[in-house]
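Here the protein sequences come in this chain order: A and B.
Mind the numbering: the first sequence is residues 1 to 221 in my numbering, read in order.
Mind the numbering: the second sequence is residues 1001 to 1241 in my numbering, read in order.
Using N, Cα and C, we set each Cβ at its ideal position, and we do this for glycine too.
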Amino acid sequence: MKQLGAIIQRDLRLAARQGGATFLALVFFVLTVTLFPLGIGPEPAVLARVAPGVLWVAALLAAMLSLDRLFQADFEDGSLEQLALSGLPIGGVVLAKIIAHWLTTGLPLLLAAPILAVLLNMDDEGFAALMLTMLIGTPALSLIGAIGAALTLTVRRGGVLLSLLVLPLYIPVLIFGVSAIDAAVHGLNAKPHLLLLAALTVACLPLCPWAAAAAVKLSLE
Amino acid sequence: MSMHYFANPARFTRLAGRIQPLAGCLAAILLIVGLYLALVQAPADYQQGETVRIMFVHVPSAWMALFCYSFLAVASAVALIWKHPLADLAAKASAPIGAGFTFLALVTGSLWGKPMWGTWWVWDARLTSVLILLFLYLGYMALWQAIEDSQKAAKAAAVLALVGAVNVPIIKFSVDWWNTLHQPASVLRMDGPAIHPSMLWPLLIMALAFKAYFVTLLLARMRMELNLRRIRALRLAERSS
Chain A
1 MKQLGAIIQR DLRLAARQGG ATFLALVFFV LTVTLFPLGI GPEPAVLARV APGVLWVAAL
61 LAAMLSLDRL FQADFEDGSL EQLALSGLPI GGVVLAKIIA HWLTTGLPLL LAAPILAVLL
121 NMDDEGFAAL MLTMLIGTPA LSLIGAIGAA LTLTVRRGGV LLSLLVLPLY IPVLIFGVSA
181 IDAAVHGLNA KPHLLLLAAL TVACLPLCPW AAAAAVKLSL E
Chain B
1001 MSMHYFANPA RFTRLAGRIQ PLAGCLAAIL LIVGLYLALV QAPADYQQGE TVRIMFVHVP
1061 SAWMALFCYS FLAVASAVAL IWKHPLADLA AKASAPIGAG FTFLALVTGS LWGKPMWGTW
1121 WVWDARLTSV LILLFLYLGY MALWQAIEDS QKAAKAAAVL ALVGAVNVPI IKFSVDWWNT
1181 LHQPASVLRM DGPAIHPSML WPLLIMALAF KAYFVTLLLA RMRMELNLRR IRALRLAERS
1241 S
């Protein structure tokens, strides 16, 4: 546990001192959302209707674009190999890095989402659901994404490949996240959607670090 | 005879060389019989008219799309667990075939949708999940392409195939869930009365023909892959001597 904390702390400190990366994911999120009113048109009713979907799709893409930070730098400078040799279970190391990734991307996205929802004129009833789905759903994005990031470690210019691998797997998160907000906006019960989303995240929690650890081990061979 | 009996490439190539023409002939015969029954013998549907004949290609393709992915996942699991050298090859060889059948299912579905639903594409739960299945196939093939070391590529692709296999039912469920929320129930449902034997028989024969065709292609691709490896090994030996 202590070592896990140490790895998380290290990754957070690295992210803080490099500064840019977290900030860039956030800027990407804001910018993508800004493009939609320009593309669709400024009618408030239309924007309110598409707001949950736009926010979730943009969050999905922002999370995906930041995935290369998860292992790539550590893989290149050899510290990932050192971590693997340190005797810690690789699954644990991977989980710690996923938690750090969520703290530096999922959490900022979660905090920015309500402000953007205001800009998109989303109905007031949807805000609680938006925050809840983001809170429950974004960890799943980091967890599932870790598998893709680990698989593409040895690939040169793996970015496009990563999106092809990860985006189809993100679809359930997107669907349950958006349908929960839509249900809340229309005055329906959002609970079943939220429970399904939570089930997805909870199922990812043990399985994804395991699969990602297998992929990391492969690229270190 | 253990499962590692055919781990010997020479033994496998010999057997595959014998089975492949048989499977090819079987596929050709079944396809001719099936197409005759489907296009000439089977009656036109009382509602859909002649367009119902697209079904005899569309439905077997859709079945094969799912069958190939299951085959790919099982072969990947065998490769990861027992390190069977031919399982990797089988998984790799089945992916483009499965992607082809998936594409065929989508195209024929679209061609069938135009006269039936009046539109080339609807975001129906089934169409959407088959489209996502196509993306899973493409991702799997792209990962094979991207990693140069074929040993590593095999393992990485196997991990991806298993992750995908776990996700296919979840994606299917979520798309069904999404569809019941967003789609008005205007789309024509296909589950009318039970299918009549005059249509069922051609359908089953076509399905068997597709299976035999899959076996033929699979063996051909696996033999090609083995020969490529041998050529590479010979070239390396030549250069080093």
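Residue i at chain B interface by Cβ criterion, 8 Å
i: I175/A; result: yes
i: P108/A; result: no
i: L65/A; result: no
i: T105/A; result: no
i: V50/A; result: no
i: E221/A; result: yes
i: V57/A; result: no
i: T133/A; result: no
i: L151/A; result: yes
i: T201/A; result: no
i: I98/A; result: no
i: I8/A; result: no
i: T154/A; result: yes
i: I147/A; result: yes
i: P139/A; result: no
Three-state secondary structure (DSSP) of residue i
i: G1049/B; result: strand
i: V279/A; result: This structure cannot speak to residue 279/A, because chain A is shown only from 1 to 221.
i: H1058/B; result: helix
i: L83/A; result: helix
i: T1180/B; result: helix
i: A1042/B; result: coil
i: N121/A; result: coil
i: S1186/B; result: In this predicted model, S1186/B has a pLDDT of only 43, less than 50, meaning its place in the structure is not dependable; the value taken from the coordinates is given anyway. Three-state result, S1186/B: coil.
i: I8/A; result: helix
i: D1124/B; result: coil
i: G1192/B; result: Residue confidence is low: G1192/B scores 49 on pLDDT, short of 50, so the model does not pin down where it sits. No coordinate-derived value is stated.
i: N1167/B; result: helix
i: L67/A; result: coil
i: M1/A; result: coil
i: A1007/B; result: helix
i: H101/A; result: helix
Interface flag, residue i vs chain A, CB-CB below 8 Å
i: W1123/B; result: no
i: K1155/B; result: yes
i: F1012/B; result: no
i: I1132/B; result: yes
i: N1008/B; result: no
i: I1081/B; result: no
i: L1138/B; result: yes
i: K1152/B; result: yes
i: A1209/B; result: no
i: L1072/B; result: no
i: V1159/B; result: yes
i: A1146/B; result: yes
i: A1185/B; result: For A1185/B, the predicted model reports a pLDDT of 43, less than 50, meaning its position is unreliable; a value from the coordinates is still stated below. No, no contact with chain A.
i: L1106/B; result: no
i: A1142/B; result: yes
Nearest residue (CA-CA) to residue i, options the options
i: A198/A; options: L174/A, G126/A and L116/A; result: L174/A
i: P222/A; options: A62/A, L83/A and L188/A; result: Outside the shown range of chain A, which is 1 to 221, sits residue 222/A, and nothing can be said about it.
i: R17/A; options: W210/A, T104/A and I90/A; result: T104/A
i: F36/A; options: E76/A, L120/A and S163/A; result: L120/A
i: L195/A; options: A15/A, W102/A, I136/A and A96/A; result: I136/A
i: L1133/B; options: R49/A, A184/A, L167/A and L70/A; result: L167/A
i: A1153/B; options: L1234/B, L1080/B, I1170/B and F1067/B; result: L1080/B
i: L1022/B; options: E1238/B, T1216/B and S1241/B; result: T1216/B
i: L55/A; options: W102/A, S66/A, M122/A and H101/A; result: M122/A
i: G92/A; options: G106/A, C208/A and L220/A; result: C208/A
i: K2/A; options: L88/A, S163/A and T133/A; result: L88/A
i: I7/A; options: P139/A, L143/A and S79/A; result: S79/A
i: P52/A; options: L151/A, L130/A, A84/A and L169/A; result: L130/A
i: I144/A; options: V1159/B, M1206/B, Y1137/B and I1147/B; result: V1159/B
i: S163/A; options: A1038/B, E1050/B, P1096/B and Y1140/B; result: Y1140/B
i: V1168/B; options: S1150/B, D1149/B, A1207/B and R1126/B; result: R1126/B
i: A25/A; options: N189/A, H101/A, L65/A and L47/A; result: L65/A
i: L1203/B; options: R1011/B, F1006/B and G1034/B; result: G1034/B
i: L141/A; options: A117/A, P192/A, G177/A and V30/A; result: G177/A
i: K1155/B; options: W102/A, E125/A and L218/A; result: L218/A
Residue i: CB within 7 Å of a non-hydrogen atom of the ligand NAP
i: Y1137/B; result: The model on display carries no ligand, and the ligand NAP is accordingly not part of it.
Short-range partners of chain B found in the region 206-217 of chain A, where Cβ spacing is below 8 Å: L207, A211, A214 and A215
Under 9 Å, CB to CB, which of the residues in the region 1169-1182 of chain B have a partner in chain A? I1170, I1171, F1173, S1174, V1175, W1177, W1178, L1181 and H1182
At which residue ranges does the region 1199-1239 of chain B contain complete alpha helix (DSSP H) runs of 4 or more residues, listed in the order of the chain? none
Interfacial residues, the region 159-172 of chain A to chain B, with Cβ spacing under 8 Å: L161, L164, L165, L167, P168, L169, I171 and P172
Whole alpha helix (DSSP H) elements within the region 129-202 of chain A, 4-residue minimum: 159-185
Listed from N- to C-terminal order along the chain, which residues in the region 179-191 of chain A have their beta-carbon within a distance smaller than 9 Å of any beta-carbon of chain B? S179, D182 and A183
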